[in-house]
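The working numbering applies: residue 6 is where the sequence shown begins, and numbers increase by one.
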Amino acid sequence: MTDIDIARCGRISYTNDLPVYAGIDDDVLLFPGSMLAGVPAQLNAALLEGRLDISPISSAFYATHAEELVLLPGVCIGAAGAVHSVCCVANGELASLAGRTIASTKESATGRLLLRLICRRYHGFDAKLLDDDDPFAAYLRDGTPCLLIGDGAIDATEQAPIGAVWDLGRLWRELAGSGMVYAVWATRRSYALAHPDRVQAVADALRASLAWGLEHRGAVVARAQATRPRADGFYETYYDTLRFDFDDEARAALATFLGAAHEAGLIDRAPALSFFGQTVQHV
């Protein structure tokens with residue numbers, strides 16, 4: 006069997022997705038596809054351009070390409086409040102960033118949209134984001150505020166002064182009263198129509214792998230610690246904070262986020278969530 010005969014799948018190259026792939030990584034389950042790791046922005050582009058068939062993507066990216074994509078049910082990356090790995094580092098309140106340039110990671114779509122939404126909706130200004138290969142270095146150099154996601158955001162949280170780290174998940178919960186979904190798994194609508202059995206097999210494997218990971222938290226923490234060492238107890242807290250089940254609560258949180266972004270004029274529309282397993286049609 007060649008890669009042409011199986012689904013080409015992406016995975017996020019951060020420790021936040023380890024619970025989802027735990028059963029696969031520990032060889033408990035056989036994954037019915039090939040795997041390519043990348044940061045969210047890379048996976049977004051690869052899926053849309055046809056270099057991947059199924060992948061986790063930024064939830065904000067789904068919002069702007071919903072006509073071309075369908076979501077896999079059962080798995081996502083979200084949080085009810087604080088997320089630890091999506092943050093703005095700034096010396097001062099977010100309201101003080103009006104008119105200032107914010108050095109931004111290129112790896113994020115959801116984090117960027119969330120920061121812009123918080124600034125526009127709750128502080129009345131448009132965040133000026135400037136792509137930067139190393140946003141935290143800009144902060145360390147001269148205090149330039151920065152936006153970070155993933156393990157880089159956790160690194161910054163450990164190094165930045167107390168009070169300088171603004172966890173965007175915590176802020177969103179305090180301001181909007183809602184949790185967040187940062188990443189979703191999706192496939193192109195055309196691929197789902199052509200290869201429904203492959204999509205179903207991957208979706209089933211991801212759910213089974215996640216179930217194993219949630220039941221074997223120690224194994225997940227050990228793999229995370231071996232991948233990116235942290236202080237004792239960090240990963241236990243981190244994975245307790247994250248939510249991986251794309252249940253009704255997560256779907257409502259994503260709909261709230263996209264609806265608010267649309268109302269603020271930051272996305273053209275708040276699309277309905279279209280899931281594989283529902284009637285998949287060309288639109």
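Cβ coordinates follow ideal geometry from the N, Cα and C atoms, glycine included. Since we're looking at a predicted model, the values are computed, not measured.
- Sequence-distant partners of residue 70 (beyond 5 residues in either direction) whose C-beta falls short of 7 Å from its own C-beta, in its chain, are 53.
- Between residue 93 and residue 179, the alpha-carbon positions lie close to 16 Å from each other.
- The Cβ-Cβ distance between residue 128 and residue 165 does not fall below 7 Å.
- Counting along the chain, no alpha helix (DSSP H) covers residue 269, and no H or E run does either.
- Along the length of the stretch 83-164, whole alpha helix (DSSP H) runs at least 4 residues long occupy 115-128, 140-147 and 155-164, reported in chain order.
- According to DSSP, residue 43 shares a beta bridge with 17.
- In the structure shown, residue 169 adopts coil according to DSSP, grouped into three states.
- When rounded, the separation of the alpha-carbon atoms in residue 210 and residue 40 is 13 Å.
- Burial is judged here by how many other beta carbons sit within 10 angstroms of a residue's own beta carbon; residue 121 has at least 16 and is buried.
- For residue 187, the closest alpha carbon among the candidates 249, 215 and 219 is that of 249.
- Within the same chain, Cβ atoms closer than 6 Å to the Cβ of residue 190 are found at 61, 77 and 80, the five residues on either side in sequence being excluded.
- The residue among 109, 280, 270 and 253 with its C-alpha nearest the C-alpha of residue 130 is 270.
- Contact between the stretch 41-51 and the stretch 257-272 is absent: fewer than three C-beta pairs spanning the two stretches fall below 8 Å.
- Remark: three or more beta-carbon pairs, one from each stretch, lie closer than 8 Å, so the stretch 213-222 and the stretch 8-27 are flagged as touching.
- The three-state reading of DSSP puts residue 35 in coil, since its state is none of H, G, I, E or B.
- Measuring C-alpha to C-alpha distances from residue 85 to each of 280, 103, 247 and 216 identifies 247 as the nearest.
- By a beta-carbon distance limit of 8 Å, residue 174 does not contact residue 265. Their separation comes to about 14 Å.
- For residue 28 and residue 281, the gap between their C-alpha atoms comes out near 22 Å.
- Under DSSP, residue 248 shares a beta bridge with 83.
- Residue pairing by DSSP puts residue 63 in a beta bridge opposite 188.
- Following the DSSP letters along the chain, one finds residue 223 inside the alpha helix (DSSP H) bounded by residues 222-232.
- The beta-carbon separation of residue 132 and residue 124, rounded to 4 Å, stays under the 8 Å limit for a contact.
- For the 7 Å CB-CB criterion, residue 143 and residue 136 do not form a contact.
- The beta carbon of residue 96 sits closer than 7 Å to the beta carbons of 148 and 169 from its chain, once the five residues preceding and following it are set aside; these are given in chain order.
- Beta-bridge annotation (DSSP): residue 193 is paired with 74.
- Taking C-beta atoms as the reference points, residue 11 and residue 55 fail to come closer than 7 Å.
- Residue 255 carries a helical assignment under DSSP once its states are collapsed to helix, strand and coil.
- Residue pairing by DSSP places residue 12 opposite 38 in a beta bridge.
- Residue pairing for residue 280: DSSP places it in a beta bridge opposite 76.
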